[in-house]
Amino acid sequence: MTVVPLIKSQGIKTKLADWIRDCSSDQTYERWVEPFMGTGVVAFNVQPRKALMCDSNPYLISFYKAIQDGEITTEKVREFLTDEGVNLLQTEGEHYYAVRDRFNANRNPLDFLFLSRSCFNGMMRFNKKGSFNVPFCRKPNRFSQALITKISNQIAAVSSVIQQGDYEFKHQEFRDTIAEVNETDLVYCDPPYIGRHVDYFASWSENEEEELYALLMNARIPFIMSTWLKNCYRVNDYVFSLWGNCSLLMKEHFYHIGAKESNRNVVFEALLVNFDASRSLLIKELDIDSV
1 MTVVPLIKSQ
11 GIKTKLADWI
21 RDCSSDQTYE
31 RWVEPFMGTG
41 VVAFNVQPRK
51 ALMCDSNPYL
61 ISFYKAIQDG
71 EITTEKVREF
81 LTDEGVNLLQ
91 TEGEHYYAVR
101 DRFNANRNPL
111 DFLFLSRSCF
121 NGMMRFNKKG
131 SFNVPFCRKP
141 NRFSQALITK
151 ISNQIAAVSS
161 VIQQGDYEFK
171 HQEFRDTIAE
181 VNETDLVYCD
191 PPYIGRHVDY
201 FASWSENEEE
211 ELYALLMNAR
221 IPFIMSTWLK
231 NCYRVNDYVF
241 SLWGNCSLLM
251 KEHFYHIGAK
261 ESNRNVVFEA
271 LLVNFDASRS
281 LLIKELDIDS
291 V
């Protein structure tokens, strides 16, 4: 059964987690390392015995640390969302903005969860000052008992994965995370997708993509890199111009999250690996124009 993460974001890998896990299944490693943890969905489904989970977004790290430390439990989540859901309904949705202001002032992990599950299209977006700025989803009855039960079950599943393993959550940049890796690690990278509009927490530039490539190559450790290969408009040229010495795997995927319905299209996802991923289809055997 797929473990579904509590926090939603653009580019979430829930439906791709099994594919990524299969790609890594032939590798032997002591620790799974993620410099771009995001929602954590990949690690929660790979379920390594030991993991280093890092992100530049401090609120994601604080949220999962709160689960790890027992500050967030199914009981607390059920009570919190029930109370806040009533307030949301009684104020015709205006309570959402009170919670958003409260979160931007106090950074409470439970408020972060509330916003993630009631904001417009489930997007996670912050302005340059680090404030959550996504508007309300316009559904005052958002937190039905069925949804609260679903979220509570997701809390239980994620908590179980974290508690059964040796997981370390750290707020830091990707450079610092890669500097910590050793030869017995396997690194999974899911940076913001270059060449596509993203505003998840920080921007992503060509220089950063090139720096990530150099750091991974110089580290001389096995890695898996997620990116996009092609959509209905264009091809990601960086896959070939920068990452061309890696093996390239592909899978068709549809994104349901986006500010505009026109932005929710089929994308061919790519995994770039520097080891033999024999369980998956290498796109080097295909004609790029045919996909």
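Take 1 as the starting number for the sequence shown in the numbering used here and just add one per residue. Just so you know, even glycine gets a beta-carbon here, dropped at the ideal spot from N, CA and C.
| Asked | Found |
| --- | --- |
| Straight-line gap, residue 228 to residue 67 (C-alpha atoms, nearest Å) | 31 Å |
| Residue range of the unbroken alpha helix (DSSP H) whose run includes residue 204 | Careful: residue 204 lies outside any alpha helix (DSSP H) and carries neither H nor E. |
| Alpha helix (DSSP H) segment containing residue 239, residue limits | 238 to 241 |
| Inter-residue spacing [alpha-carbon to alpha-carbon] between residue 169 and residue 37 | 9 Å |
| Environment of residue 34 [buried if 16+ CB atoms lie within 10 Å] | buried |
| Backbone CA spacing between residue 221 and residue 245 [nearest angstrom] | 15 Å |
| Complete alpha helix (DSSP H) runs within the region 129 to 185 (minimum length 4 residues, chain order) | 145 to 164 and 174 to 179 |
| Contacting residues, own chain, Cβ-Cβ under 6 Å from residue 251 (five flanking each side not counted) | 19 and 269 |
| N- and C-terminal bounds of the beta strand (DSSP E) containing residue 55 | 50 to 55 |
| DSSP-derived helix/strand/coil call for residue 6 | coil |
| Collapsed DSSP secondary structure at residue 126 in the structure displayed | strand |
| Short CB-CB distance (under 7 Å) between residue 81 and chain B | The structure shown has no chain B; it contains just one protein chain. |
| Simplified DSSP state of residue 250, which is helix, strand or coil | strand |
| Where residue 24 falls, given that 16 or more other Cβ within 10 Å makes a residue buried | buried |
| Bridge partners - residue 269, DSSP secondary structure assignment | 228 and 251 |
| For residue 233, the residue or residues it bridges with in DSSP | Residue 233 pairs with nothing; no bridge assigned. |
| 7 Å Cβ cutoff met for residue 122 and residue 8 | yes |
| Cutoff 6 Å; reference residue 293; Cβ partners in own chain excluding five residues on either side | No statement about residue 293 is possible, as the shown extent of the chain runs from 1 to 291 and does not include it. |
| Other residues of its chain near residue 65: CB distance less than 7 Å, five sequence neighbours each side excluded | 169 |
| Buried versus exposed, by CB contacts within 10 Å (16 or more), residue 241 | exposed |
| Segment contact, 8 Å Cβ cut-off, at least three pairs: the region 71 to 84 with the region 183 to 195 | no |
| Residue 111 classed as buried or exposed, judged by whether at least 16 other C-beta atoms fall within 10 angstroms | buried |
| Buried versus exposed call for residue 164 [16 or more other C-beta atoms within 10 Å across all chains shown] | exposed |
| Inter-residue CB distance, residue 88 and residue 140 (contact presumed, cutoff 8 Å) | 6 Å |
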